[in-house]
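**Q** In this text, residue positions in the sequence shown follow the working numbering: the first is 148, and each later residue adds one. Sending over a structure as C-alpha cells; questions will come in a sec.
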Amino acid sequence: MFTGIILTTSKILRTVPSAGAKIISIQRPKALGEIKFGASIACDGICLTVTGFSETSFEAEVMAETLSKTTAGSWNTNTIVNLEPALRIGDRLDGHWVQGHIDRVSTLLESKTQGATTWLRFELDSRDRALMVPQGSVAINGVSLTISELKPTSFTIALISLTRQHTNLGQLAPGAKVNLEYDVLGKYARALHETGSLKLEGLYE
Numbered sequence: 148m149f150t151g152i153i154l155t156t157s158k159i160l161r162t163v164p165s166a167g168a169k170i171i172s173i174q175r176p177k178a179l180g181e182i183k184f185g186a187s188i189a190c191d192g193i194c195l196t197v198t199g200f201s202e203t204s205f206e207a208e209v210m211a212e213t214l215s216k217t218t219a220g221s222w223n224t225n226t227i228v229n230l231e232p233a234l235r236i237g238d239r240l241d242g243h244w245v246q247g248h249i250d251r252v253s254t255l256l257e258s259k260t261q262g263a264t265t266w267l268r269f270e271l272d273s274r275d276r277a278l279m280v281p282q283g284s285v286a287i288n289g290v291s292l293t294i295s296e297l298k299p300t301s302f303t304i305a306l307i308s309l310t311r312q313h314t315n316l317g318q319l320a321p322g323a324k325v326n327l328e329y330d331v332l333g334k335y336a337r338a339l340h341e342t343g344s345l346k347l348e349g350l351y352e
C-alpha cells in the first residue's frame, strides 16, 4: 500500500530479458533508505518486489503481464521513474490510498503552464469515466493528484512547482504515456453496482 507521495526519482541502469519477463536494475538513491529482500517499492506507480540490491542499486522482476499493461514495457536505460516505498504503520497519509496496481496506460494530450502551475490534460477511456469524479483522486505514474476538470474522454490535473520538480511528471510532453491507477473506492463502488449489491435507493436511506 502506498500514498502517492513520491519520495524521490531515480534512473534505470539496465533491463535484462528473463523468460518473458524483465529484470530491472534501478539506481539506489540515498533518500530511499533501508532496502530489504521482498520489500515493495512503487516504481512509476507499479508495485514491484525487491529481488536483489547493493549499495548503489536494487533489482526487481517485472512480469510479462505488467510489461504489456503498463509503461514498464518501454523502460530503457536512463529512464527516470518515480519511487515510493511501501506505507508503514504510523506513517502520515498525505495523499490517498494507492495500491500499485495499474488500471490503464494513458496519453498526455496537452501541457500548459500558467505562472507556477502546469496543467496537464490526459486522455480518458470512456469505459472508465464512472471511476472518476471532479476533485477526486487519481494516481499518475504513482503521484497522488486531484482531478481539476473532467470531460467524457479526458481529464485535467494541475501540478504545483514542487510536484513538477520532484517527480517525472514535469518532464512530460504531449504524446507521453503514463500509468493510471483510479481511486480504489471508485472501483469497489462500480463493482458493487454492477453486481447489484449497491442500489442507488440505498444511498438515501
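Here a beta-carbon is modelled for each residue, glycine too, at the ideal position from N, C-alpha and C. Bear in mind the structure is a predicted one, so any value in this text is a computation, not a measurement.
1) Just curious, the beta strand (DSSP E) that K324 is in, first and last residue?
2) Look at the Cβ atom of L327, then the Cβ atom of S258, and state whether they are nearer than 8 Å.
3) T254 and R311: beta carbons closer than 8 Å?
4) How far does the beta strand (DSSP E) with T293 in it reach, from first residue to last?
5) With the cut-off set at 8 Å, would you say G151 and G289 are in Cβ contact?
6) Extract the residue ranges of the beta strand (DSSP E) inside the stretch 192 to 232, only unbroken runs of 3 or more that lie entirely within it.
7) Inspect the beta-carbon positions of L154 and L179 and report whether they are closer than 8 Å.
8) Taking DSSP as the reference, what is the three-state secondary structure of R251?
9) When you compare the CB positions of S291 and H243, do they come within less than 8 Å of one another, or not?
10) Rounded to whole angstroms, how far is the Cβ of S301 from the Cβ of L271, which I believe are closer than 8 Å?
11) Between which residues of its own chain and N229 is the CB-CB distance below 6 Å, once the five residues before and five after are set aside?
12) Just reading off the alpha helix (DSSP H) that S308 is part of, what are its end residues?
13) Can you tell which of I249, F269 and T293 has the C-alpha that lies nearest to the C-alpha of V280?
14) Opposite K161 in the DSSP bridges: which residues?
15) In chain order, what residues of the same chain have a beta carbon less than 7 Å from the beta carbon of K169, not counting five sequence neighbours either side?
16) Helix, strand or coil: which one does DSSP assign to M186?
17) If T226 sits next to K324, beta carbons under 8 Å apart, how far is it from one beta carbon to the other, in whole angstroms?
18) Starting from the C-beta of F200, find all residues in its chain whose C-beta is less than 6 Å away, skip the five residues before and the five after it, and write them out in chain order.
19) Can you tell me whether DSSP reads Q318 as helix, strand or coil?
20) Tell me, which residues are paired with A286 by DSSP?
21) Reducing DSSP to helix, strand and coil, say where A166 ends up.
**A** To lay it out plainly:
1) K324 to Y329
2) no
3) no
4) V290 to K298
5) yes
6) 193 to 200, 204 to 209 and 227 to 232
7) yes
8) strand
9) yes
10) 5 Å
11) I153, T156, D191, N288, G289, T314 and N315
12) S308 to H313
13) T293
14) In the sequence on display, residue 161 carries Arg and not Lys. Its beta-bridge partners are S172.
15) T162, V163, V209 and L214
16) First, the residue type needs correcting, since residue 186 is Ala and not Met in the sequence shown. Coil, per DSSP.
17) Actually they do not touch by this definition, with Cβ atoms about 12 Å apart.
18) I182
19) helix
20) S291 and E328
21) coil
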